[in-house]
Structures are given as structure tokens and as C-alpha cells.
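Take 192 as the starting number for the sequence shown in my numbering and just add one per residue.
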Amino acid sequence: MSKPVVLNIAKIPAVLQQSLESEFELRTLHSPGDTSEISGLVSSAIRGVDLATLDQLPGLKAMSIFGVGMDKVDLAAARRRGIRVGYTPDVLNDCVADLAIGLMIAASRKIPQADGYVRSHRWAETGNVFDLGDRVSGKRMGIAGMGRIGRIIAKRLVGFDVEIRYFSRSEVRECSHERVSTLQELAAWCDYLFIAVSGSAQTRHMVDAGVLEALGPQGYLINVARGSVVDEQALIAALENEAIRGAALDVYEVEPLKSSRLTELRNTVLLPHVSSATNETRTAMSNMVVENLKRFYAGERMLAEPA
Ligand code: DGY
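Here's what the structure looks like:
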């Protein structure tokens, strides 16, 4: 029996590419062949799937997304066309939360700058002690978004003997920490503001100039969610004016981040959207992408379909 024809439009790990090739007739954007034969699509959360892509694939029945953020996937259009969508939640929660903690410490203790200080031989040449950082343990931690990832960030933070409060649209029953009613209130209370909400029209620029002002000159912003959640121009202004102490970012309004005022600043730690980028997590995500498609073609429910 011939294998289902699946098109991949994203940059994917080699292990996923190999599994897709062994299970399906895998096509790429460079050699899509007869597009009317394509019934499955693979993309990533970063690449997304837009309406123009769907329009070119009249026979599409299922898509399998590598990642959890659905902000670039036109779910409404897919649903209108009866296309089933699978994605890879949960398997990346631990690594995203781990990296949020890493960013917190990196920014507070100036780890990238200290590393540069040693490598550039400035320590050896001057014999000086590197600049003081800020203590993390015992501080006030605010988490915006107490979903799958926010809850694990909170769990990790408990080990730092901190106070934790959160902001989310509704009370989270599984969470014993105090919920505050506005993001502004949370920012005014905390020393570290973690962003763990989904990217969407509702959360766009949720962290604006007012929230940053409330966070204040001792406050740090940590974003492992989506760049769209933060008004980047307001953030740059706040960092330039030292209206906040620092920012540690894995995500940006436009990715990849090109040279920008952000890259000129010393009170930032900037990562290239790598929160789920570990061998273990990317393998688990890859397995889920393949399993979702296999289940679809076997007439079964996918492992995870976005709400
Ligand atoms: C996701 O899955 O949404 C991540 O941000 C991409 O790794």
C-alpha cells in the first residue's frame, strides 16, 4: 500500500526528518511534487501555518506541529476546512521552565558578562573582581500565566526560598500561590516578572510601558513565552533609562532578532528562542509529531490536539 504523502515546511531535527521519511512519503518545499496528493503537513510553532499555505494544499487533512505555541498556526482556517491539528504540549514544560530559571540567574548574576570578562583576559590583566550582581534567593517572584509552564516555573522557584504570586485570567485550583487581579499589580509587587502566557491577540503587548514602570528599577523581566506579549519598544526604553534593572529574553517580536537596540544593551541576556532546545525534549517532540500523524492515518485520535 502506498504511504501517505506528507509535506514538511519547517526546519526540523534530523531525527524527525528520518522518522518522517520512514513512515510517510515525505515532500519538501523544494520538491513538493503534485500538491493535490499531499494529505499531511508538518510545521513548527516557530514557522507556523498560514492561510496561503492551506490554500495551496487542497487535499490536506491533517497537520502535525512541532511545538506548543499555536499563535502562528491558522487554527480557525484549519477547522473550517475540517483539517485535524496535532501538536506537542507537555513534553517541553520542564525544559522551558528550567531555562526560565537559568535566565533569572544569568541576568541577576551577570553570567554571560562574567564569562566574557574571563575569556577576554580582563580578569587576568586587571586582577579586579567582577561587578556585583543581585541576589536571587529570598526575592519576590511574579508569574504571568499559571498554565502548564508557569506551574513548573513556580515549582522550580520554591527551592530558592522565595515568595510567589501570579496573574492569570482565572484562579488556578492546582496552585497554592496567591493570585493578584492585574498584571500591573503583580509587576509592582515582584522583583522578577516571569512571562509564561500564550501568544495571542489577547496577550499582545500585555507587558507595556505601565507594567514595566510598575516593575521598577530593581525589577527583572524574564520572557520564555512569546515576543509579542511584550511591547519591545517600551522594553528597550525602560532598559535604556534603567527604569527596570534587566531583562532576560528567549523570544522577540521579530525572530531571528537582528541587530537592534536590545543587542547594544548590557542589562540584557538574549537567547535565540531555545527554551525547548535540548536533546531529550526535541526527541520527545519529534516522536510526538510522528505519532500524531500515524494516529491520524490509523483513524485514531492524535496524542494532543490544541483546544
Ligand atoms: C513552542 O513550542 O511554542 C516553542 O516556543 C518553540 O520551541
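Where is the CB? At the ideal position from N, CA and C, for every residue including glycine.
Quick test of the definition: if touching needs 3 or more C-beta pairs under 8 Å, does the segment 315-329 touch the segment 244-259? They do not touch, by the three-pair rule.
Using only the alpha-carbon positions, how far apart do Asn-432 and Glu-362 sit? 35 Å
With distances taken from CA atoms, which of Pro-204, Val-206, Met-254 and Leu-198 is nearest Leu-217? Leu-198
Rounded distance between the beta-carbons of Ala-269 and Val-259, thought under 8 Å: Not a contact, Cβ separation roughly 16 Å.
What are the complete beta strand (DSSP E) segments, minimum 3 residues, inside the segment 306-345? 331-335
Below 8 Å, is the gap between the Cβ of Ala-498 and the nearest heavy atom of ligand 1? no
Alpha carbon to alpha carbon, how far is Cys-286 from Thr-474? 12 Å
Please report the straight-line C-alpha distance between Glu-365 and Arg-342, rounded to a whole angstrom. 9 Å
Spell out the partners DSSP gives Ser-234 in its beta bridges. Ile-256
With three or more C-beta pairs closer than 8 Å as the rule, is the segment 446-453 touching the segment 288-308? no
Report, in whole angstroms, the separation of the C-beta atoms of Phe-257 and Met-332, which I expect to be a contact under 8 Å. The pair is not a contact, with the Cβ atoms about 30 Å apart (cut-off 8 Å).
In chain order, what are the residues with a CB under 5 Å from some non-hydrogen atom of ligand 1? Listed by chain position, these are Ala-236, Gly-258, Val-259, Gly-260 and Ser-467.
Closest residue to Pro-204 among Ser-367, Ala-439, Met-476 and Pro-497 (Cα-Cα distance): Of the listed residues, the one whose Cα sits closest to Pro-204 is Met-476.
Look at Phe-351 and Val-371 and say whether their C-beta atoms are less than 9 Å apart. no
In terms of DSSP beta bridges, what is Phe-358 paired with? Paired residues: Ala-335.
Where does Leu-494 fall in DSSP's three states? coil
Measuring alpha carbon to alpha carbon, tell me which of Ala-253, Val-196, Leu-232 and Ser-222 ends up nearest Glu-491. Ala-253
Give every residue of the same chain whose Cβ lies closer than 7 Å to the Cβ of Gly-250, excluding the five residues on either side of it in the sequence, and list them in chain order. Within the same chain, Gly-250 has close Cβ partners Ser-227, Glu-228, Ile-229 and Ser-230.
With distances taken Cα to Cα, identify the nearest neighbour of Asp-382 among Leu-406, Thr-472 and Ser-391. Leu-406
Mapping DSSP to helix, strand and coil, what is Val-388? coil
Whole-Å CB distance - Asp-441 paired with Val-402, under 8 Å assumed: Rounded, the Cβ-Cβ distance is 19 Å, inconsistent with contact.
DSSP three-state label for Ala-434, please. coil
Taking Cβ positions, are Leu-294 and Ile-435 nearer each other than 9 Å? Not a contact, by the Cβ cut-off of 9 Å.
Whole angstroms are fine: how far does the CA of Ala-439 sit from the CA of Leu-461? Those two C-alpha atoms are separated by around 6 Å.
In terms of alpha-carbon separation, which member of Gln-209, Val-206, Ser-213 and Ala-201 lies closest to Pro-195? Comparing Cα-Cα distances from Pro-195 to each of Gln-209, Val-206, Ser-213 and Ala-201, the minimum goes to Ser-213.
Determine the closest residue to Gly-336 out of Val-353, Arg-313, Glu-369 and Glu-444, with distance taken between C-alpha atoms. Glu-369
Beta-bridge pairing of Val-460 - partner residues as DSSP gives them: Ala-439
Ordered list of beta strand (DSSP E) runs contained in the segment 376-428, each at least 3 residues: 383-386 and 411-414
For Val-320 and Leu-283, I'd like the C-alpha separation in whole angstroms. 38 Å
Looking at the C-beta of Val-481, does it have a partner C-beta in chain B at a distance below 9 Å? Note that chain B does not occur in the displayed structure, where there is just one protein chain.
Taking the beta strand (DSSP E) that Arg-272 belongs to, which residues open and close that run? Arg-272 -> no beta strand (DSSP E), and no H or E assigned at all.
Considering only their Cβ atoms, is the gap separating Ala-468 from Tyr-278 smaller than 9 Å? no
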